[in-house]
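Asks:
Residue numbers (this note's numbering), protein chains in the order written: chain A, 1 to 420; chain B, 1 to 224.
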C-alpha cells in the first residue's frame, strides 16, 4: 500500500532534514511535537508523519517503552485477554514513519518560547504542539484514598501494573469475599468502563469464587448502557452484584485502606478487594501550563486547538470538547482532525470539515457484547452529536456474539492505526 | 467455456474514469465450486442441502428460495433488498460473515478476486449477467461521480479505526479489496436502509453521494 512509499519518503526526508536540510533549504522543516503516546498522541504523530510526506518533523514524547491499552484491559481481568496482548511498542512509528520517539517525561510547556521541557534535561522546540496526556486523578476526591494507597486499593484505570495488581487481588480473594468498586463521578474516562469491569469481575468470580459478591458504590444516578448491563447481570450473575447509588449513600463514601473498610453514609463495611476509581481531571501538564479551566482543557471543535493557545491542540480524555465521551476511540478520531489541522497550519495542505465518530464496545460475559456509538461534527463552539446508536435489549445470541467479534476486529484495527 | 463477466472499475485516477474488465472462467469456477459441494448444489431443480440450491442465484433476492432454512440474517438482508449480483456475490464470497453478520455459512471466503469471478461465472451459467447497477436502485450517474481522492483519504481515516488497513478481517470485513462499484453500492445500501448494521447505518447517514465516490476512489487507489 501507499504507506510503504510514504514511510520511505518520510524516512529519507527525515535523514535529509537532520543532516542537510537547513543548509539546502535555508529553513528547517516545521516541527510538530506530541506529548503522550496513547490513542490520541500516537495516532496524531503517525498521521502527521505519514500524510506530510516528510515535510513536517514529528517528535513523540512518551515515558513508557511499552504502552498498555486501557481499552480491553477489563477483558484481561475477566480472563479473555493476556496482558501481553494489550502491550504495544513504538518501534514502527520510529522506524517506518521517521518519528523521533523520545522516551522521557514531558515536565512542562513554555508557551512563550514554544518549548517542552523534559525530565531528563533539555527541551524540545515546537511550531505546533499536541497534548494528549490522558487523565489524572483528583487528590482527595475519595476521602481516605490517595495515590499512596493505590497498592492496597488499586484504581487500575491506567493500564499496566495496576491492572495486573487488581487481577492478582481478585485471584487471591477469600471464598465468599466482597469485591467493592468505588465508581467515579462524571465526566471520566470510558463511561461504560467501570460497568464492563464489574461484568468481567463477575465472570471471573462466577467461575472461581461463586459465593463472592460485588458491591458498587456509585455517586451517579445513572450510567452508560445501564439497562443493557443490568439486564446482562440479571441473566448471567443473578444475586452477585449490588449497586448503591447516590440515593442510598453511594455518593458519600470514605475508604480505609489500612483496615480494608469502606464507609458508606456512615456505615462501616469490611471488604476484601477495593477498586477505587476517583474523580478525574486533565493531565497535570495541562494544569501546570494554565491550559485548563475547572479541571479540563477547552478546545475549539473544528481543530481541537486550545482556546487558550492556538499553537496547542489538546486531544482525548483531557479535552473539554462537547458531546464526545472520553474514550480511546474518540481520542483516535480527534487525532485525525487535529493532524489535518496541524498539516494545514504548517504546510498549507487542504483543510476538510471536522468529522468525528466513536463506538464503545463492552463485554458482559462470553460472547455477549454490546455497543454504543455516534457520529459527531464541529458545532459553533463545541463538538455535537449527529446520529447515535446503541445495542438493544433482547437481541439474539448471534447478534451479541457478532458484536463481540466486531470488537476484536476493532481492537486490531485501532491499535495498528495508532502504532502502525 | 470462457464466460465473460465485466466487472467495471470506475476509478477516477488522474481525473479520467478508467474501466477495467475482470473475466470469469466458468470452467475454473466449476472446479472451485467443489469446496462448496458439501452444502450446495447448483443444478436446475436440484435439491437444497444445508444451504440453498444455487442454480439461478444471480439476480435472486437473498434468502428467498422456498424450503431452505436460512439464517435470520440472510432472510432479513433479502427483505431489506439484497439481490445477488456480480457485485454483491463478490462482496459476500470475499468475506461471508463480514458481509452478512449472522450468516450461518461457515465458509471462510475467497480472498482472490479472480477466484470469485470464476465462481460467479459458473453460477451465472447461461443466464444473463446481473450487475447491481442493472437493478435500477441507483441511477447510473451515481457510479460515474468523480471522486476527490484526497478528500476520500481524509474521510477514510474514519473507516480504518475499525476496518483494518493492513488486511486482517477478524470480526470486521476488509474493505480495501472491494471493487469501487460494489463499494459504492454497499455504502448507498446502508445509507438508504437496504442493508442494516448499527455502525454502518450511522456512519453512512451523513455521507453525500460525492463523499461516497471520494471514498471509493481512494480505496480503489490503495489497491494499485
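Backbone N, C-alpha and C fix where the C-beta goes; we use that ideal spot for every residue, glycine too.
Taking the Cβ atom as the reference point for each residue, do residue 129 of chain A and residue 178 of chain A lie within a distance shorter than 8 Å?
Replies: Going by C-beta atoms, residue 129 of chain A is not nearer than 8 Å to residue 178 of chain A.
Asks: Answer with buried or exposed for residue 247 of chain A, where buried requires no fewer than 16 other C-beta atoms within 10 angstroms of its C-beta.
Replies: Classification for residue 247 of chain A: exposed.
Asks: Whole angstroms is fine: what's the gap from residue 70 of chain B's alpha carbon to residue 106 of chain B's?
Replies: Whole-angstrom Cα-Cα distance: 13 Å.
Asks: Might you give, ordered along the chain, the residues of its own chain that have their beta carbon closer than 6 Å to the beta carbon of residue 74 of chain A, omitting 5 neighbours on each side?
Replies: Contacts found: 196, 197, 200.
Asks: Who are the near neighbours of residue 331 of chain A in its chain, counting only those whose CB is closer than 6 Å to its CB and skipping five residues on each side?
Replies: If we look at residue 331 of chain A and ignore the five residues flanking it on each side, its Cβ neighbours are 39, 40, 315, 316.
Asks: Under 7 Å Cβ-Cβ, which residues of chain B neighbour residue 340 of chain A?
Replies: 154, listed in chain order.
Asks: What ranges does the beta strand (DSSP E) occupy inside the region 39 to 67 of chain A, keeping only unbroken runs of at least 3 residues that lie completely in it?
Replies: Fully enclosed beta strand (DSSP E) runs of 3 or longer: 57 to 61.
Asks: Please list, in chain order, the residues of the region 187 to 203 of chain B that have any C-beta partner in chain A closer than 8 Å.
Replies: Listed by position along the chain: 198, 199, 201, 202, 203.
Asks: Which chain A residues are close to residue 158 of chain B, counting only those with a beta carbon under 9 Å from its beta carbon?
Replies: Result: 333, 336, 355, 356, 357, 375.
Asks: Is the CB-CB distance between residue 144 of chain A and residue 255 of chain A below 8 Å?
Replies: Taking 8 Å as the Cβ cut-off, residue 144 of chain A and residue 255 of chain A qualify as a contacting pair.
Asks: Can you check whether the CB of residue 167 of chain A is closer than 8 Å to the CB of residue 272 of chain A?
Replies: In this structure, residue 167 of chain A does not lie closer than 8 Å to residue 272 of chain A by Cβ.
Asks: Can you tell me where the beta strand (DSSP E) holding residue 376 of chain A begins and where it ends?
Replies: Its beta strand (DSSP E) spans residues 368 to 378.
Asks: Whole angstroms is fine: what's the gap from residue 411 of chain A's alpha carbon to residue 76 of chain A's?
Replies: Answer to the nearest angstrom: the Cα atoms are 13 Å apart.
Asks: Here's the rule I'm using: 16 or more other beta-carbon atoms within 10 Å means buried, otherwise exposed. How should residue 321 of chain A be labelled?
Replies: Residue 321 of chain A should be labelled buried.
Asks: Can you tell me where the beta strand (DSSP E) holding residue 313 of chain A begins and where it ends?
Replies: From DSSP, the beta strand (DSSP E) with residue 313 of chain A extends over 312 to 314.
Asks: On the DSSP bridge list, what partners appear for residue 285 of chain A?
Replies: Beta-bridge pairing links residue 285 of chain A to no other residue.
Asks: Excluding the five sequence neighbours on either side, which residues of its own chain have a C-beta within less than 7 Å of the C-beta of residue 393 of chain A, listed in chain order?
Replies: Contacts found: 227, 228, 231.
Asks: When you compare the region 140 to 160 of chain A with the region 251 to 269 of chain A, are there three or more beta-carbon pairs, one atom per stretch, that lie closer than 8 Å?
Replies: Output reads yes: the region 251 to 269 of chain A touches the region 140 to 160 of chain A.
Asks: Look at the alpha carbon of residue 374 of chain A and the alpha carbon of residue 49 of chain B, and state the distance between them as a whole number of angstroms.
Replies: The alpha-carbon atoms of residue 374 of chain A and residue 49 of chain B are separated by roughly 41 Å.
Asks: Rounded to whole angstroms, what is the Cα-Cα separation between residue 306 of chain A and residue 318 of chain A?
Replies: Distance between the alpha carbons of residue 306 of chain A and residue 318 of chain A is about 11 Å.
Asks: Does the beta-carbon distance from residue 54 of chain B to residue 115 of chain B come in below 8 Å?
Replies: Not in contact: residue 54 of chain B and residue 115 of chain B (Cβ atoms no closer than 8 Å).
Asks: Residues of chain B with CB under 9 Å from residue 361 of chain A, in chain order?
Replies: Ordered by position in chain B, no residue passes the 9 Å Cβ test against residue 361 of chain A, which lies about 10 Å from the chain.
Asks: Does the beta carbon of residue 24 of chain B come closer than 8 Å to any beta carbon on chain A?
Replies: Chain A, which has no Cβ nearer than 8 Å to the Cβ of residue 24 of chain B, makes this no.
Asks: Report yes if the CB atom of residue 40 of chain B is closer than 8 Å to the CB atom of residue 56 of chain B, and no otherwise.
Replies: No. Outside cutoff.
Asks: Along the alpha helix (DSSP H) that carries residue 232 of chain A, what are the first and last residues, could you check?
Replies: Start and end: 226 to 236.
Asks: In whole angstroms, what is the alpha-carbon distance linking residue 242 of chain A and residue 361 of chain A?
Replies: Cα to Cα, residue 242 of chain A sits roughly 23 Å from residue 361 of chain A.
Asks: Ignore the nearest five residues each way along the sequence and tell me which others in residue 123 of chain A's own chain have a CB closer than 7 Å to its CB.
Replies: Taken in chain order, the residues that qualify are 115, 116, 117.
Asks: Residues in its own chain within less than 6 Å of residue 149 of chain A by CB, not counting five upstream and five downstream?
Replies: So the qualifying residues of the chain are 257.
Asks: Within its chain, find whatever has a CB closer than 8 Å to the CB of residue 17 of chain A; leave out the 5 residues flanking it on each side and keep chain order.
Replies: Unreliable positioning characterises residue 17 of chain A in this predicted model, as indicated by a pLDDT of 38, which lies under 50. The coordinate reading is nonetheless provided below. Excluding residues within five positions, the ones whose Cβ falls inside 8 Å are 28, 29, 54, 57.
Asks: Give the C-beta separation of residue 346 of chain A and residue 127 of chain A to the nearest angstrom, bearing in mind that I take them to be a contact with Cβ-Cβ under 8 Å.
Replies: That pair is a contact at about 6 Å.
Asks: Going by the CB atoms, is the gap between residue 110 of chain B and residue 93 of chain B shorter than 8 Å?
Replies: In this structure, residue 110 of chain B lies closer than 8 Å to residue 93 of chain B by Cβ.
Asks: Leaving out five residues on either side along the sequence, give the residues of the same chain with a beta carbon under 6 Å from the beta carbon of residue 100 of chain A.
Replies: Same-chain partners within the cutoff: 59.
Asks: Tell me whether residue 283 of chain A is buried or exposed, calling it buried when 16 or more other Cβ atoms sit within 10 Å of its Cβ.
Replies: Classification for residue 283 of chain A: buried.
Asks: Relative to the C-alpha of residue 100 of chain B, which candidate in B/129, B/198, B/221 has its C-alpha closest?
Replies: Checked all of B/129, B/198, B/221; the closest Cα to residue 100 of chain B is B/198.
Asks: With DSSP collapsed to three states, give me the class of residue 206 of chain B.
Replies: Residue 206 of chain B falls in the coil class under three-state DSSP.
Asks: Taking only runs that begin and end inside the region 114 to 172 of chain A, name each unbroken beta strand (DSSP E) of 3 or more residues, in chain order.
Replies: DSSP runs (the beta strand (DSSP E)) wholly in the region 114 to 172 of chain A: 115 to 118, 123 to 125, 128 to 131, 135 to 137.
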